[in-house]
C-alpha cells in the first residue's frame with residue numbers, strides 16, 4: 849500500500865541536483881582582490897559535463913592546471929576526471945557552455961573579451977543553440 853510518497857534513490861536525487869545546478873549556476877567573473885600582491889600570473893579552467901574549477905595568480909602553468917583540475921574533480925565527484933580547457937598567463941580566460949554539452953574557451957585582455965570569444969567558440973559547435981559564459985577569470989602579472 850502506498851502512502852503517496854515517491855521513494856527517491858540517491859542517484860536520482862544527485863542527478864536532479866546536478867541538472868538544477870547546471871541550469872541555475874550564475875556566470876562568475878573572478879579577479880584578484882584590490883591591494884593584494886599577485887604571486888604570479890598563471891590561471892586555468894577545467895571542466896567536465898557541467899562541472900568546473902578555476903584558479904588564477906599561480907606561480908606556474910602546472911600549478912594552475914593542477915588546482916583547477918582538483919577543484920573540478922571535487923565538485924564533480926566522478927570517476928572520470930575533468931579536463932583542463934584553458935590555461936593562460938597574465939590575461940583572462942573564459943568557459944562558455946550550451947544546452948547540449950557544447951562548450952568553448954577563450955582568452956582575452958579582459959573578462960568581457962574572453963567571455964565573448966568563448967561564446968563565439970561554443971556557438972561554432974551547435975550554432976542554433978545559445979551559449980552562455982559559465983565562468984571568466986583574470987590572472988594578474990606576477991612580480992617583476
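Residue numbers (my numbering): 849 to 992.
C-beta: ideal position from N, C-alpha, C; glycine also.
As the structure is a computational prediction, the values presented were derived from the model and not from experiment.
Burial state of residue 919 (16 or more Cβ within 10 Å): When all chains shown are included, residue 919 counts as buried.
Proximity winner among 903, 931 and 974, relative to residue 948 (alpha-carbon distances): 974
Proximity of residue 941 and residue 901 at Cβ, strictly below 8 Å: In this structure, residue 941 sits away from residue 901, with a CB-CB distance that is not shorter than 8 Å.
Element boundaries [beta strand (DSSP E), containing residue 942]: 940-945
Distance between residue 959 and residue 921 (C-alpha atoms, nearest Å): 24 Å
Rounded C-alpha distance that separates residue 911 from residue 972: Here the alpha carbons of residue 972 and residue 911 stand approximately 30 Å from one another.
Endpoints, the beta strand (DSSP E) within which residue 933 is located: 931-937 is the extent of the beta strand (DSSP E) around residue 933.
Run of the alpha helix (DSSP H) containing residue 914, from where it starts to where it stops: 909-924
For residue 917 and residue 943, the rounded distance between their alpha carbons: 14 Å
Given residue 953 as reference, the closest of 903, 909, 982 and 907 once Cα atoms are compared: 982
DSSP bridge partner residues for residue 900 (one or two, in chain order): 895
Closest residue to residue 899 among 929, 889 and 888 (Cα-Cα distance): 929
Three-state secondary structure assigned by DSSP to residue 952: strand
Whole-angstrom distance between residue 989 and residue 978, CA atom to CA atom: C-alpha separation (whole angstroms): 33 Å.
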